[in-house]
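Peer 1: Residue numbers for the sequence shown follow the UniProt record's numbering, so the first one is 1 and each next one is one higher. The beta-carbon is built from N, C-alpha and C at its ideal position, and this holds for glycine as well. A single structure is presented below for examination.
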Amino acid sequence: MHRMRTDELVLTKLIFENTFADYGHSEIFVLLSCFIFQERIVKEPKLIPKLEQGKQKICDFTNKVFEVQNQYKLNKKQAI
Numbered sequence: 001m002h003r004m005r006t007d008e009l010v011l012t013k014l015i016f017e018n019t020f021a022d023y024g025h026s027e028i029f030v031l032l033s034c035f036i037f038q039e040r041i042v043k044e045p046k047l048i049p050k051l052e053q054g055k056q057k058i059c060d061f062t063n064k065v066f067e068v069q070n071q072y073k074l075n076k077k078q079a080i
């Protein structure tokens, strides 16, 4: 059985909610880069307000996924 990671669930929700409709191509690229950029950064980059709002939406969706996983006692080893 395929196991979906949190990132896959968050990305799916973001797409179905049409979250990126108000963003340009380069802004979408910046927002989606958080899913592939895994290095630790010493200083958080300063974002323009529109990107900060997009980042907050991603964080909100991620928190919702974590809440559901915790509610149903799912972890990374269990299939979703």
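From alanine 79 to threonine 6, what distance separates their C-alpha atoms?
Peer 2: Bear in mind that the predicted position of alanine 79 carries a pLDDT of just 45, short of 50, making it too unreliable to give a figure here.
Peer 1: Could you say if the region 52–67 and the region 5–25 meet the contact criterion of at least three C-beta pairs nearer than 8 angstroms?
Peer 2: yes
Peer 1: Could you give the first and the last residue of the continuous alpha helix (DSSP H) run that contains leucine 9?
Peer 2: Taken as a continuous stretch (DSSP letters only), the alpha helix (DSSP H) holding leucine 9 covers 6–16.
Peer 1: Quick check: the region 9–19 against the region 60–69, are there 3 or more CB pairs under 8 angstroms?
Peer 2: yes
Peer 1: Which of the three DSSP states is assigned to phenylalanine 29 in this structure?
Peer 2: If DSSP states are grouped into helix, strand and coil, phenylalanine 29 belongs with the helices.
Peer 1: May I have the straight-line CA-CA distance separating leucine 9 from glutamine 69, to the nearest angstrom?
Peer 2: 11 angstroms
Peer 1: Please report how far the alpha carbon of serine 33 lies from the alpha carbon of valine 65, in whole angstroms.
Peer 2: 19 angstroms
Peer 1: The alpha helix (DSSP H) that contains valine 42, what's its start and end?
Peer 2: Premise fails: valine 42 is in no alpha helix (DSSP H) and is neither H nor E.
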